[in-house]
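Just so you know, we're using the working numbering here: the sequence shown kicks off at 1280 and counts up by one. Cβ coordinates follow ideal geometry from the N, Cα and C atoms, glycine included. Here the structure is a predicted model, which is why all the values come from computation and not from measurement.
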Amino acid sequence: MSNISGAYPVHVAIIMDGNGRWAKKRFMPRIAGHKAGVESLRKIIEETGDLGIKYLTVYAFSTENWNRPKDEVNGLMNLLVNYIDNELNNLNKNGVRLNILGDMSALPTKVREKVEMALVETNKNTKLTLNIALNYGGRDEIIRAVKSIYNQGDSELIDNLDEDIFSRFLYTANIPDPDFVIRTSGEVRISNFLLWQLAYSEMYFTETLWPDFGVSEYHKALDSFKNRKRRFGKI
Ligand code: FPP
């Protein structure tokens, strides 16, 4: 008997990689690749909502990405601000609630205020939760959780600490772990993304660069998920 569920994942996470190479192949600046990446993201968000998938998490900016050239960092921040300006109405129309995973305090004020406004404006939407990992690092998140637990000064909390309680101190508190992770551009690694949460996630790697990742390739990936046998460590 098969234990393949044939169901869509509840939570999809995506490492949107390959924007720089996409641009380089076209003799364009890297930021043009990121711009094309935002277009891809727009389509994937819409499709995710249409399919009834409840959570989509995308890796937009890691704690390590600050080390990129200043122009590129500024360019990415501007893209995020523009994205919110252009898409807020659509997000609301499509029932998308925006959520940020990461340390927002380190963002430039203009970006932080824009993001905070979008969080409030989309707060009541229930169709799809879009988690944007922004200034996010998996190890950083775990250390913050440990410090936060310690700072409660509650010895009972420490005595009773288990996986479920620990999870409540992560950026993803109250969000189910991703069932399925997609990474584009042929790189086969996790790159400090959701280290705790990906413990039992199914992985999908494709050579396609993120700006070329469209709805049909998304369906191909999701079909692959539907055929996976998930065992969660059991037999
Ligand atoms: C990886 O490609 C991509 C990123 C570091 C940024 C991803 C960001 C976006 C798609 C835009 C985010 C904007 C919003 C609105 C959420 P890379 O630059 O590492 O590509 P490469 O490996 O080919 O150089």
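Euclidean distance between Cα positions of residue i and residue j
{"i": "M1280", "j": "K1508", "result": "Residue confidence is low: M1280 scores 46 on pLDDT, short of 50, so the model does not pin down where it sits. No coordinate-derived value is stated."}
{"i": "G1354", "j": "V1394", "result": "16 Å"}
{"i": "T1342", "j": "L1413", "result": "8 Å"}
{"i": "K1426", "j": "N1439", "result": "16 Å"}
{"i": "P1308", "j": "G1416", "result": "26 Å"}
{"i": "S1319", "j": "F1492", "result": "7 Å"}
{"i": "D1418", "j": "V1291", "result": "Note that residue 1418 is Arg in the sequence shown, not Asp. Their backbone Cα atoms lie some 20 Å apart in a straight line."}
{"i": "E1481", "j": "F1511", "result": "10 Å"}
{"i": "V1337", "j": "F1472", "result": "10 Å"}
Close-in-space but distant-in-sequence residues of the same chain around residue i (CB under 7 Å, 5 per side omitted)
{"i": "G1312", "result": "N1298, G1299, W1301, A1302, P1490"}
Neighbour flag for residue i against chain B, beta carbons, 8 Å
{"i": "D1438", "result": "No chain B is part of this structure, which consists of one protein chain only."}
Coil, strand or helix - residue i by DSSP
{"i": "F1459", "result": "strand"}
{"i": "Y1245", "result": "Since the first residue of the chain shown is 1280 and the last is 1514, residue 1245 is not available in this structure."}
{"i": "N1353", "result": "helix"}
{"i": "F1484", "result": "strand"}
{"i": "V1399", "result": "helix"}
{"i": "M1280", "result": "With a pLDDT of only 46 at M1280, under the threshold of 50, the placement of this residue in the model should not be trusted; the figure read from the coordinates follows. M1280: coil per DSSP, three-state reduction."}
{"i": "T1405", "result": "coil"}
{"i": "A1292", "result": "strand"}
Opening and closing residue of the alpha helix (DSSP H) in which residue i lies
{"i": "R1423", "result": "1417–1430"}
{"i": "S1446", "result": "1442–1446"}
{"i": "S1341", "result": "Segment 1334–1341 is the beta strand (DSSP E) holding S1341; no alpha helix (DSSP H) there."}
Selection from the options that minimises the alpha carbon distance to residue i
{"i": "N1369", "options": "F1445, E1325, S1495, V1337", "result": "E1325"}
{"i": "R1423", "options": "L1440, D1433, Y1450", "result": "Y1450"}
{"i": "K1322", "options": "R1510, T1388, V1494", "result": "V1494"}
{"i": "K1333", "options": "S1464, V1317, V1289, W1475", "result": "V1289"}
{"i": "T1463", "options": "F1504, A1500, W1475, E1486", "result": "E1486"}
Close beta carbons around residue i, own chain, < 6 Å, minus the five adjacent residues each side
{"i": "I1244", "result": "With the chain covering 1280 to 1514 only, the question about residue 1244 has no answer from this structure."}
Beta-carbon contacts of residue i that lie in its chain and below 8 Å, excluding the five residues immediately before and after
{"i": "V1360", "result": "K1389, V1390, K1393"}
{"i": "T1401", "result": "L1367, L1370, N1371, V1375, R1376, L1377"}
{"i": "M1383", "result": "R1391, V1394, E1395, L1413, N1414"}
{"i": "A1478", "result": "D1456"}
{"i": "S1284", "result": "K1505, R1509"}
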